[in-house]
Structures are given as structure tokens and as C-alpha cells.
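See below for the structure under consideration.
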Amino acid sequence: MVSTDRIADPWGPRTPYAPGEPWPPRVDEFLADGITAASVDKWVQSAAVLHSNGDGLDIAVKDGRIVGVRGRDVDRVNRGRLDPKDMFGWQANASTDRLTTPLIRVGDELHPCDWDSAMERIVTRSRELLDTQGPSSIGFYTSGQLFLEAYYTQGAIAHGAIGTNHVDGNTRLCTATAAEALKESFGCDGQPGSYTDVDHADVIALFGHNVAETQTVLWARMLDRLAGAAPPAIVCVDPRLTPVARHATVHLAPLPGTNVALMNGLLHEIIAHDWIDHDYIDANTVGFDELRKRVGEFPPERAAEICGVDADDIRQAARLIGTAERLLSTVLQGFYQSHQATAAAVQVNNIHLLRGMLGKPGCGVLQMNGQPTAENTRECGADGDLAGFRNWSNDGHIAELADLWNLEPLQIPHYAPPTHAMQMFRFAEEGTLRMLWVTATNPAVSLPELSRIRDILSQERLFLVVQDIFMTETAALADVVLPAAAWGEKTGTFTNADRTVHLSEKAVEPPGFARSDLDIFLDYARRMDFRDKDGQPFPPWTDPESAFEAWKKCSAGRPCDYTGLTYDKLRGGSGIQWPCNAEHPDGTERLCADAKFWAAPDYCEAYGKDLITGAPLEPTEYRAMNPFGKAIIKAAEFVPPHERPSADYPFALITGRTVYHFHTRTKTARAQQLQQAAPEVWVEVSQRDAQRLEIKDGDIVEVTAPRGSVTCPVRVNGIRDGVLFVPFHYGYWDTDGTAHRRAGNELTLTDWDPVSKQPIFKTGAARLRKMPKSPGHKEHSNGAGAPAAAGAQA
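My numbering applies: residue 230 is where the sequence shown begins, and numbers increase by one.
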């Protein structure tokens, strides 16, 4: 058991190990005051839902209440360790301001009501719209925090029963590019790598991935390798001096919006020095010649000039990556939320294809998730995909899905790709989307250009349903608010970034009249009297386990095959990686072994897009390009971002996360330890820029972009010159209902990657102005926000 102060030290003590050795266990535990492990009534199996690592844990229950958590040392993901958000975030479940009864809008106010009244209002509006406007008048916007069973049900209702194409999740904001990059390179979603690759790699390259704050347990695994014999070299690409950068062998801090130029420079060096596997390329890929020609235009000097980095640093990073015997690469928001997101992420895949480093211990790519169950939204068709990684433009796949659901194929919309979130909000703005059902997310804080989003959500003609556990900024604008059960109050499965499936058992009852998301969706389906083509109720399942069994049938034969899993198999031990089936009864640690890809034209999830324009390839084009289902090497030209620093707005602006909060702080702000660690928004500025502007650490400043402004304390630290960073977690409410305008997304622009449709939060422009003095406060700063004088935090 570990007693370290996990606010002061988010990663806990080291347990060093050498390459090829198993990661030693270390059990973290936190219990409420007065509770001991011996006094706990029962421990209930679960996993973390406040980040994407998927740490296995047990929930402590005493007198029908959650009173703590401890890590599961048998779990392959964390070997007993917990993230600070895992350790303290569970306290939000017992917060006194939980939603406990449905609410409906009467005039300008929300009033409590019973479930029948709330659901009848939703059903009545749904039927009116279906009768007068058709299925495209209804949209669903979900989260990355529900369980698989709820996602599959929501997707089946939306795509199948209603027949709307407008289905997406806030995973569009954090992992849409991960999915798209995998489709572009390998023909299908599904992470090639495994967290266990950390145990074997001799070089770990992190591209826009501040793993120390976004997945602290994965960073602890890397720190333990760094503390052991034969530590790996670290390559870090990030404009901020993150904890990862402090440990890096090479730290590349490019100007935001230039990632493609940097990747082309790295690939130029790798190819020029012949650090590539010609046999692997010839036998297993298509597209190499085009890539070689494109990156030939990006020698280190040109890439360095565009990115604002040293050409020798590019050469050194390329040498480490190009000569590694076991290379692990990870990618996250620094690439996904920036300009040319998919194009940049695909270049990371290209490195591994050129070097033949896939499917072997220590050799893998992790196009990471930002949210804990983002993988499930993608698998289940709740985020702009179709269930089972099926291809919307493949009529055979639509027929398979229609057969599974016992519906007519034309009932499932496939005239165009499922509508992405940014387009859904545009349709609502224009008035063609008239009902939006928002589940477990807070777009009034998390989406870009918030003044516009608030106007959209406030329209009288938009019927807004919000299903959540607290009265968020979004719920306050709703016509109907549905109280949902939280994690620990329902049963279901969820899958992390390296395809590990966990079972979360119900530990306690939800408060008041709150109900699980699955129960709410099924209740809606029954009240709408949805039927399949034989007249039977649709969806036919009735509870979590029957929904899981139905999902298994949907996944059969697809890349995300769950047919070898059951609730009983997931109980008591470790999470298990898909595909898990008759061929792989214990799961599959790594994909792409023996160069087997899911890219065959009749099987693949997508036919790909142009990396610059986003224009989709026709099936015939894809078939001609890749008839044998090989991996696809895709080149990309660098194009400048749409909004760049100028005389009026001289700084590049990026947003991001802190280790102590998740998403819009709906839960973490209600955990005392986490809220006290980071109670207020701040802005980071470099030492040189602060000196030039006569700004000191702790001064109050105004950050202004073309769309709005935020007033906050400044942190002077090791961020690169010319760049400002603002965390996005802070909305315009505090938990006590006090209104503030402090959301980072007041500043961000309405723009998205043309390929993945992921909003661009890390390529904008801003200016900085010192404000009159006012009493400030100090917060914990153990992450990238640490002062410039701070050393490495380990």
C-alpha cells in the first residue's frame, strides 16, 4: 500500500525494472477518513473512468456508500497503481448537488417532475419531429464515459430505430483523429500496440502526448523503466516543458500548427540514412514512393525554419527513432487538436511501417484516447462510425448490420458518413436539427468558440435533452434534464486505449430517482414503441448482460471481436484485450503481427481520404490502390494554419489539461483534494515573453483572442517563446453556482481537421495584457505548469 501524497507527487514512488522484465506491482489505496481496509463491507470490481488509461481498481463500500478505492495488482494495465483522479474523484458520487429527479422547463425555469412526465415530453417531441421533419431533425451527442452496453443501445436506437445520421460524441474532441489515423494507415481502427511495449522498448517517442498528466500510471510505467537498468531514450514533441520533456533525451518544441513539417523532416532523415526495412515495405505496404518524394522536400533545415526548432535536434531525434531496435510511439492531443491533425498522426504510423516495427514486443504505435471509454464509442457506432467497425460506404456491411438488427437496410442511413459533432451543431444553428439529446458531456464548456455554442443551445426551436449527474452549464439550458446513475452505480464494460476490456460492477444504488444510461435509453425505445421488421421490440435486449451478449454477436468476425468474452470471464482477474475469440481465447496483446492488416477492400472500415482536403476515396479508387489489403503509407504536404500570430495577436494559443482535472471538472471539482490542487484557470507564458511584458509569476493578466477573453493568473515557466497555454477545464460556473467567464474555449476558433473533423484547439492566436494588481493564489503545479525553476517531478 502506498501512502505518498499523490497531489504533491501524482506518480508515486518508483519500482524500477529492466527491459523484458514484468512491471512490479504497487498497490495504491485511498479511503475516507475513519475507514480502514478491515472495516470495509465489500470491495467491488471496476476500473477508472476519469482518464483513458483504464486502471483496474476495486471500490470500497461501507453501509451502502462508496468510501474509497484501491488498485488491482493483478490487472495488466496498472499492476495496482492509481491516478490521482482515480484516488479522489470517486467522492463526487456522494456530492450533495447530484441530480436526483427529472426536470422539465416551464417558461424560463426548470422544475422537478416524475419520470413519466419527462419521458412523455421527449417522446411527444420525437414523434412530432419524425412526422413533420423526418429522422434528420433528431441528433444524439454522447460522451466518452458511458459503458459499452449503453453506447451500443444508443447507436442502435439512433441509426437503426430512428434512422438518423446525426450521432456523435465528445470523443470527436479528443480521439477522432486517433481513429482516423488508424483507418488511413491500416484500413481499420484498433491500436496496433500494447501498454506492455513500454516494458521492452529502447526508444519511446511521444508526439504531442503529455502522458505524465493525461495518463499518470502509464507515465509511472515509463518512469520505472527510466529508473531501471538499460533505460529507454525518450523523444518528446511538445511546445511546453512538460514532465515528459524534462526527462527527454531530445525535446522538440515546435511552433503550434507545424507538426506535419516536423514529421516530414524526421522522415526525411530516416529515409536519407536508409534506416528503413526495404523488405517489409515492399512486401506489406503501398505508397512508399510518394512519401519518399514528398519528404525529400523537407531537409532538417527547412523543417527547422518552419517549426522554430534546431535542425540538429531534428537530426538527433531522427537518429534515435531511426536506429531504435524496439520503438514505441504514442500520439495524443498535441497532434490531434492541432492543424493538419490526421496528416501529422499518419506520419507517426509511417515511421513504424518504414521500419517494420509493428506487432512485436516494444514495437508499436498507440494512437491514444483522451477519454476512458472512447474506444467503445468507436466500436459501437456512437461517435460517427457504424457498429463493429463497419464501413458506411460498403453495402455488404450495411446488409450485415441490418440482418443483425432485423431491420431493412434502407432503414440504416448510409447515404453519407455519419454526421460529425461540429456539423451537427451547425445544423442546429441553421435550424434543420431540431432535437439534440446530450449525454454525460458539457458542450457549453468543452466546444470551441463558446459564445456561439451557448447561442445555439439556447435557441427556442432546439429541443435540448441533457442526461447527466450534475446541473452543468449545458443542463441549465435544457428543456428536459434526466438524472443519470454515475460510475459505481451501474454495471457494464468499457475498453481502454490499448483494447483492454474491463467489467465494472454496480457497487451502490444511485441517489434519488437517478437511473442508468442504459435503462433510460431502453425506456425511451419502449415508449417510442420501436419495432424490428417482424414486429418485435427493438432493441430486443433488456439489461446490461443481455446488451453485452447482443454486442458480441455484432462484433463477431470484425476486428473488435468480443465473442470470447463474458461477464464471468472478466470477473476476478485482469482486463482482457480484444480481439478475444476462439482463435485468441485469452485476448490479443498486439495487432499487425506478421503484417496482417484489416485493410482488404471488402473488409476494411474505411476507404480513406485525401489528407489535405478530406475528400473521401471512392471504393473503386481504394480497390485499385490497395487490392491486397496492405498497410497504406500516406504522404502529406505541409500547409500553414488558418489563424496565425499577427501584430494584433502576437502569440500562438494552445489549450489542454492539468493532471488534477478531467474534462469540464463536473466530477473532479467536487473532489476536495483535486479542486484545491487546481481551483482556477491560469495562463502559461515563457520567461523571455514575461520579462518583455514586465509580467511576474502570479500576476493577473487578460488573454484575448478574436473571439473573446479570459482573465486569470499567469504562470511563468518553460513553455516555448511566443506560445500561451490555457487549460480548458474551467467553465463559466463554479460548483457553488457563481458565474465566471474563464473558460479557455471562449478563445478557441470554429475550425476542424478536414479528415477526422476534430476541432482545432491548439492552433489559434492571442494577445496578453497585464491587469491591475489583485490578490492572487498559488496552486499545485507538478505538471507542465510548473515554474521555470522547477526540476523534474518524479
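Cβ coordinates follow ideal geometry from the N, Cα and C atoms, glycine included.
Exposed unless 16 or more other CB atoms sit within 10 angstroms - verdict on residue i
i: M597; result: buried
i: Y424; result: buried
i: V868; result: exposed
i: R921; result: exposed
i: H340; result: exposed
i: P788; result: buried
i: Q696; result: buried
i: A1018; result: Caution is warranted here: a pLDDT of 49 is assigned to A1018, below 50, making its placement in the model unreliable, and the coordinate value is therefore given only provisionally. A1018 comes out exposed.
i: L639; result: exposed
i: S687; result: exposed
i: M1000; result: exposed
i: G585; result: buried
i: M230; result: A caution first: M230 carries a pLDDT of 47, below 50, which makes its placement in the model unreliable, though a value can still be read off. Label assigned to M230: exposed.
i: T720; result: buried
i: Y644; result: exposed
i: R998; result: exposed
i: D758; result: exposed
i: K314; result: buried
i: G336; result: exposed
i: S745; result: buried
i: D624; result: exposed
Contact set for residue i: own chain, Cβ-Cβ below 6 Å, skip 5 residues either direction
i: D612; result: D397, G398, T400, T606
i: L903; result: F317, Y889, T897
i: E774; result: Y796
i: C783; result: A616, G617, L633
i: R894; result: H958
i: I685; result: F654, A657, E658
i: F990; result: Q566, T884, T977
i: Q1022; result: The predicted model places Q1022 with a pLDDT of 28, which falls under 50 and marks its position as unreliable; any figure quoted below should be read in that light. Taken in chain order, the residues that qualify are P472, N1011.
i: P766; result: none
i: G843; result: P983, V984
i: T478; result: A462, I463
Residue i - partner residues in DSSP beta bridges
i: S622; result: Answer is none; S622 lacks a bridge partner.
i: K271; result: V290
i: T552; result: In DSSP, T552 forms no bridge with anything.
i: Q596; result: V560
i: M664; result: I367, F692
i: R480; result: Going by the sequence as given, residue 480 is His instead of Arg. DSSP lists C465 as partners of H480.
i: G937; result: A934
i: L799; result: L799 is not bridged to any residue.
i: A276; result: G285
Contacting residues, own chain, Cβ-Cβ under 7 Å from residue i (five flanking each side not counted)
i: A459; result: A247, P248
i: T552; result: W504
i: A995; result: Y878, F880, L882, V932, T933, A934, L953, L976
i: H429; result: P248, G249, R555, P590, G591
i: I627; result: P638, I641, H643
CB contact below 8 Å: residue i versus chain B
i: A616; result: The displayed structure is made up of one protein chain only, and chain B is not part of it.
Option nearest residue i by Cα separation, candidates the options
i: Y380; options: I929, F723, E923; result: F723
i: P808; options: G802, A919, R755, C821; result: C821
i: A266; options: V577, C941, W240, G300; result: G300
i: G494; options: F777, F369, A532; result: A532
i: E604; options: L484, E629, A726; result: A726
i: L582; options: V296, D511, A546, L359; result: D511
i: C342; options: T445, G741, P870; result: G741
i: Y791; options: L732, A824, T571, D748; result: L732
i: G373; options: G419, H280, S558; result: H280
i: N810; options: G793, T817, T849; result: G793
i: P768; options: I386, T443, V914; result: I386
Proximal residues to residue i (C-beta, below 8 Å), its chain only, five neighbours per side dropped
i: G858; result: G416, F826, W827, A828, A829, P830, Y832, C833
i: S346; result: P331, I333
i: L402; result: Q566, G599, A650, S675, L676, Q987, P988, F990
i: G264; result: Residue identity differs from the one stated: residue 264 is Ile in this sequence, not Gly. Counting only Cβ-Cβ distances below 8 Å, and skipping sequence neighbours, we find A289, K291, V296, G297.
i: E738; result: G293, E718
So does the stretch 291 to 306 actually touch the stretch 864 to 873, counting three or more Cβ pairs closer than 8 Å? no
At a cut of 8 Å, does the stretch 382 to 393 reach the stretch 364 to 372 through at least three beta carbon pairs? yes
Inspect the CB distances between the stretch 404 to 416 and the stretch 553 to 566 and report whether three or more fall short of 8 Å. Because the criterion of three Cβ pairs below 8 Å is met, the stretch 404 to 416 and the stretch 553 to 566 touch.
Any contact between the stretch 638 to 654 and the stretch 420 to 438? By contact I mean 3 or more CB pairs, one from each, below 8 Å. no
Can you find at least 3 beta carbon pairs, one from the stretch 309 to 329 and one from the stretch 249 to 257, that sit closer than 8 Å? yes
Does the stretch 268 to 276 come within contact of the stretch 696 to 709, defined as at least 3 CB pairs closer than 8 Å? no
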